[in-house]
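**Q** Take a look at the following structure, please.
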Ligand SMILES: Cc1cc2nc3c(=O)[nH]c(=O)nc-3n(C[C@H](O)[C@H](O)[C@H](O)COP(=O)(O)O)c2cc1C
């Protein structure tokens, strides 16, 4: 089984979502000899934004690309292949300014590729990247789950993954982390318990 582990927090060792995503991966690999893990740190090794230059590189035949275009396409292809190859994905997803980090959005822009991960026909959109299990480690300073203020964060991430055909999506959540030391500790403990429940239920 191939597991892709993504982190996007800019807070390094102080990050709550990194702590939770690592716990999810540990729980997933516990007792499994057949698991292959790839790790991508979207904060320290940020993907460039999908841009006009990306479009031009994609539209240029491989033998005519300059060095920057060849680099751009190699990055795009590797990111897409890694996503397509994964049977399971763990995504560390903090809330920054009511949304996901822009580094995580840059990854989404690389994996949302017409004809590869979604398509449209006369019946509307169709996801082409189904069959994967995803666990989102979601963190926030405030309380947003189920609220309008959370829509551009967790709800958006779930929306995009579903659009790509992924239906098996779980969220491990620690929110209200800015409410003080005790609420933070309680939220992190509850999220750890949620991870244990998820993996004992499997
Ligand atoms: C740049 C930045 C923006 C943030 N914006 C929000 C926000 O809009 N709403 C919120 O509830 N918390 C916000 N927070 C708090 C984070 O969601 C909280 O610290 C959470 O633990 C971040 O996850 P992390 O520790 O994995 O980075 C923000 C934090 C940072 C660093």
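In UniProt numbering, the protein residues as written are 1 to 202.
Think of the CB as a built atom: it goes at the ideal place given N, C-alpha and C, for glycine as much as any other residue.
According to DSSP, is residue 132 helix, strand or coil?
**A** For this step, residue 132 is matched to residue 132 along the chain shown. Reduced to three states, the DSSP call for residue 132 is coil.
**Q** Mapping DSSP to helix, strand and coil, what is residue 71?
**A** For the purposes of this step, residue 71 is taken as the residue at position 71 of the chain shown. Looking at residue 71 - three-state DSSP - the assignment turns out to be helix.
**Q** For ligand 1, is there any heavy atom lying closer than 7 Å to the beta carbon of residue 188?
**A** One-based indexing of the chain shown puts residue 188 at position 188. False, no ligand heavy atom lies under 7 Å from that Cβ.
**Q** Any idea what DSSP makes of residue 38, helix, strand or coil?
**A** Translated into positions along the chain shown, residue 38 becomes position 38. In this structure, residue 38 counts as strand in the three-state DSSP scheme.
**Q** May I ask whether a heavy atom of ligand 1 can be found less than 7 Å away from the beta carbon of residue 1?
**A** The residue you call residue 1 lines up with position 1 of the chain shown. It does not: the Cβ of residue 1 is nowhere closer than 7 Å to a heavy atom of ligand 1.
**Q** Drop a sphere of 10 angstroms on the beta-carbon of residue 71, count the other beta-carbons inside from all chains shown, and report buried for 16 or more, exposed for fewer.
**A** Indexing the chain shown from 1 puts residue 71 at position 71. So residue 71 counts as exposed.
**Q** So the beta strand (DSSP E) residue 3 belongs to, where does it begin and stop?
**A** Within the chain shown, numbered from 1, the residue matching residue 3 stands at position 3. Per DSSP, residue 3 belongs to the beta strand (DSSP E) from 2–7.
**Q** How big is the Cα-Cα spacing for residue 12 and residue 18?
**A** Here residue 12 corresponds to residue number 12 of the chain shown, with the count starting at 1. Here residue 18 corresponds to residue number 18 of the chain shown, with the count starting at 1. Taking the straight line from one Cα to the other gives about 8 Å.
**Q** What first and last residue would you give for the alpha helix (DSSP H) that runs through residue 156?
**A** Here residue 156 is taken as the residue at index 156 of the chain shown, counted from 1. Per DSSP, residue 156 belongs to the alpha helix (DSSP H) from 156–163.
**Q** Is the beta carbon of residue 97 within less than 7 Å of some heavy atom of ligand 1?
**A** Position 97 of the chain shown holds residue 97. Result yes, Cβ under 7 Å from ligand 1.
**Q** Just the C-alpha distance for residue 178 and residue 138, rounded to the nearest angstrom, thanks.
**A** Start at 1 with the first residue of the chain shown, and residue 178 comes out as number 178. Start at 1 with the first residue of the chain shown, and residue 138 comes out as number 138. Straight-line Cα distance between these residues: approximately 14 Å.
**Q** Between the alpha carbons of residue 98 and residue 63, how many angstroms are there, rounded?
**A** Stepping through the chain shown from its first residue, residue 98 is reached at position 98. Stepping through the chain shown from its first residue, residue 63 is reached at position 63. Their Cα atoms are separated by approximately 43 Å.
**Q** How many angstroms separate the CA atom of residue 149 from the CA atom of residue 94?
**A** As a working note, residue 149 is residue 149 in the chain shown. As a working note, residue 94 is residue 94 in the chain shown. Cα to Cα, residue 149 sits roughly 14 Å from residue 94.
**Q** What span of residues does the alpha helix (DSSP H) with residue 56 cover, start to end?
**A** Here residue 56 refers to the residue found at position 56 when the chain shown is read from its first residue. Residue 56 -> alpha helix (DSSP H) spans 52–59.
**Q** With DSSP run on the structure shown, which of helix, strand or coil describes residue 113?
**A** Translated into positions along the chain shown, residue 113 becomes position 113. Note: residue 113 maps to coil in three-state DSSP.
**Q** Roughly how many whole angstroms lie between the Cα atoms of residue 184 and residue 154?
**A** The count along the chain shown starts at 1 and reaches residue 184 at position 184. The count along the chain shown starts at 1 and reaches residue 154 at position 154. Using only the alpha carbons, I get a separation of about 19 Å.
**Q** Tell me where the beta strand (DSSP E) around residue 93 begins and ends.
**A** Reading the chain shown from its first residue, position 93 is the one you call residue 93. Segment 88–94, the beta strand (DSSP E) holding residue 93.
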